[in-house]
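Residue numbers (the working numbering), protein chains in the order written: chain C, 4 to 326; chain S, 21 to 290.
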């Protein structure tokens, strides 16, 4: 099976001209937006492409879709060369840029869909069927005749996603699809995308700053940092690599002294005169059972909870470390 | 034939939607029409005032100048109507519209051209047609098949030439982030120069407007040929038959600039 996305040693540099005080001629400098990136995505996968602002996410997407010329390296999307076969590729890829629009702001939503169907040269009956299906699934019936400029952000985003799925692409690329949406809208959008993936076997690549998107939608994470691929694996694997510590919450039978001397753990805090204590530990070095054994020598344990590392925390730690 | 119709079907649908959108905002459309009329009327008044004081300009009298003005204005306004909005590329780049164009299975230039249609230029075209018609009627023209052929060739090539110049301007916008002032000098400046007898220019400028931005082919040379007048130094009137060559050169440069420009595109950020 050929990969949907195949990227090898892909780089893109930008030339930036900067005016410096006291100099007449502006100095040119090279900025490396994407630096020798290598990864591939198989059909049916759902990949979260994450990284801090300016890490090179959008630049990669633009090279995958034939908008930007790579400085060097190899890139194939759906087995095609994005730049040379841009038009053929466009028939097999759908792209949503969360902060851009592909609709006509002064036309009703339904008319935008009709034009896009014509652009993709869909047969009229098939186009009508597909539009009806998407309108139904994304609950767009109530505003189908409103001009795009009058839509709320949530409504517009659903219309954008419908527009990018009209031609039933194999690959759907979403650039920050849930940015600015309320909790309910986000949930509905994620549910729709999950269903679409299940039913159509579509491949998803999404960039996001929303951990919920990754947790609910992606079974694989690519972390990009300063244009380099910093991690490729599952979300839990990502937490493990940065040494995110799990947390053990102990409810004790009676007030006890702080449990500061348990090997392999750090005491985080106590409440209620030491009735409830929190310890952090590294899952690679010790286990919950070993810790409990150690603790029971000091106090009687009534109840335990183990908290997984918070992904939001993990990401903010990674971003902070790489600044 | 059928496949050609099919190939352009998406563009036709886009264009039809643009026409409907313009019709939907009737008030602003009427205002645009009126504004465009005022521009053409002012240009005409300028010429009229000039000939109120002089009898001939660069060897052409008032009636001959009406032909030059009418043909030049017609060619430019039709090109402006069809592709004049190409100079909005900087706006499209900033708004990310250009990226949406890249993501569709259609030609980039084709989408840009059909993204708008400047119907407001119709009034300007009207002024051009009126001036040219009057000029043609007032001059003593020996109408024959060759004159008709020259007239048709001139109108088609004039529109093609200015359209090519607009594509130059569009291609250059990829390099000049906010360069529409500069490119306007080429497009609108070229339009202005096309409506002057090239004989009034000093030799270097005459060469420039014949061989670099060859707007002399748009109206001046054909008028000379139709009226049976000899041309000035370096510009014999039979050159008028070579307007297709001028157009071919303009479009070669246009194609090159466009290609290099789109390759140079660095994206709209985000």
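In this text, a Cβ means the ideal position worked out from N, Cα and C, and glycines have one as well.
Everything numeric in this text was worked out from a predicted model, so none of it was measured.
Using the three-state DSSP reduction, which class does residue i fall into: helix, strand or coil?
i	result
residue 320/C	helix
residue 24/C	coil
residue 182/C	coil
residue 107/S	helix
residue 87/S	helix
residue 89/C	helix
residue 284/S	helix
residue 83/C	strand
residue 111/C	strand
residue 233/C	strand
residue 302/C	coil
residue 188/C	helix
residue 36/S	helix
residue 293/S	Residue 293/S lies beyond the range of chain S shown here (21 to 290); nothing can be said about it.
residue 54/S	helix
residue 270/C	strand
residue 39/C	strand
Select from the options the residue whose C-alpha is nearest the C-alpha of residue i.
i	options	result
residue 124/S	171/C, 117/C, 102/C and 96/C	96/C
residue 183/S	218/S, 266/S, 161/S and 155/S	266/S
residue 240/S	213/S, 40/S, 122/S and 191/S	213/S
residue 274/C	207/C, 283/C, 267/C and 259/C	259/C
residue 178/C	72/C, 294/C and 102/C	102/C
residue 216/C	164/C, 235/C and 53/C	53/C
residue 187/S	44/S, 105/S, 47/S and 51/S	105/S
residue 235/S	37/S, 39/S and 93/S	93/S
residue 46/C	204/C, 300/C, 281/C and 214/C	204/C
residue 234/C	64/C, 249/C and 50/C	50/C
residue 301/C	266/C, 185/C and 41/C	266/C
residue 113/C	69/C, 90/C, 161/C and 72/C	161/C
residue 33/S	20/C, 9/C, 72/C and 125/C	125/C
Just the C-alpha distance for residue i and residue j, rounded to the nearest angstrom, thanks.
i	j	result
residue 58/C	residue 116/S	20 Å
residue 134/C	residue 172/C	14 Å
residue 150/S	residue 169/S	20 Å
residue 93/C	residue 35/C	27 Å
residue 167/S	residue 119/S	47 Å
residue 2/C	residue 304/C	This structure cannot speak to residue 2/C, because chain C is shown only from 4 to 326.
residue 298/C	residue 288/C	16 Å
residue 102/S	residue 137/S	6 Å
residue 97/S	residue 56/S	10 Å
residue 223/S	residue 233/S	14 Å
residue 17/C	residue 159/C	32 Å
residue 182/C	residue 206/S	42 Å
residue 123/C	residue 134/S	16 Å
residue 227/C	residue 241/C	12 Å
residue 278/S	residue 65/C	19 Å
residue 44/C	residue 190/C	25 Å
residue 130/S	residue 136/C	30 Å
residue 230/C	residue 74/C	13 Å
residue 29/S	residue 167/C	20 Å
residue 200/C	residue 165/C	14 Å
residue 5/C	residue 42/C	13 Å
residue 323/C	residue 239/C	19 Å
If you count every other CB in all the chains shown that lies within 10 Å of the CB of residue i, and 16 or more means buried, which is it?
i	result
residue 58/S	exposed
residue 290/C	exposed
residue 172/S	exposed
residue 280/S	exposed
residue 192/S	buried
residue 156/C	exposed
residue 289/S	Because the pLDDT of residue 289/S is 41, which lies under 50, any placement of that residue in the model is unreliable, and the question is left without a value.
residue 294/C	buried
residue 74/S	exposed
residue 268/C	buried
Interface residues of chain S around residue i at Cβ under 7 Å?
i	result
residue 114/C	37
residue 110/C	37 and 41
residue 7/C	Chain S residues near residue 7/C: none, gap ~16 Å exceeds 7 Å.
For residue i, which residues in chain C fall below 8 Å Cβ to Cβ?
i	result
residue 371/S	Missing from the structure shown is residue 371/S; chain S here goes from 21 to 290 and no further.
residue 280/S	Within chain C, no residue comes near residue 280/S; the closest Cβ sits about 11 Å away, beyond 8 Å.
Could you tell me which chain S residues have their CB closer than 9 Å to the CB of residue i, listed as they occur along the chain?
i	result
residue 90/C	124, 125, 126 and 127
residue 94/C	125
In chain C, what lies closer than 9 Å to residue i by C-beta?
i	result
residue 30/S	118, 121, 122, 123 and 124
At a CB-CB cut-off below 7 Å, which residues of chain C make contact with residue i?
i	result
residue 66/S	The premise fails here: residue 66/S is roughly 36 Å from chain C at the closest Cβ pair, so nothing lies under 7 Å.
residue 116/S	100 and 103
residue 34/S	118
Below 8 Å on C-beta distance, what does residue i contact in chain S?
i	result
residue 70/C	119, 122, 123, 285 and 287
Run the proximity test for residue i: is its beta-carbon closer than 7 Å to any non-hydrogen atom belonging to the ligand MN?
i	result
residue 190/S	Absent from the structure shown: the ligand MN. Ligands present: none.
Does residue i have its Cβ less than 8 Å from a Cβ in chain D?
i	result
residue 199/C	No chain D appears in the structure shown, which is made up of the protein chains C and S.
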